[in-house]
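Colleague:
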Amino acid sequence: MTIKLTSDEALVLSHWLEKLQMADLSRVVDDPAVWAPIHRIAGTLDKALPELFAPY
């Protein structure tokens, strides 16, 4: 499956997923089967957005 996002959309989604992952996922997403895809998408975005880890 392929999902196409603009760089801005990917950055916003990555930021939101990071906040989601830092929260208690069980309070936000009641189905643990959904957690693995959330982590996988977040990891894929992290790899696709090298500017997230670039020094200022």
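Residue numbers are given in the numbering used here: position 14 of the sequence shown equals residue -4, and the series is strictly consecutive.
Backbone N, C-alpha and C define an ideal beta-carbon position, used for all residues, glycine too.
How about A(-8) and L27: are their beta carbons less than 8 Å apart?
Modeller: yes
Colleague: Indicate whether L(-1) and I(-15) have their beta-carbon atoms separated by less than 8 Å.
Modeller: no
Colleague: Counting only the same chain and skipping the five closest in sequence on each side, list residues whose C-beta sits under 8 Å from that of S(-4).
Modeller: A24, L27, D28, L31 and L34
Colleague: Can W17 and V11 be called in contact, C-beta distance under 8 Å?
Modeller: yes
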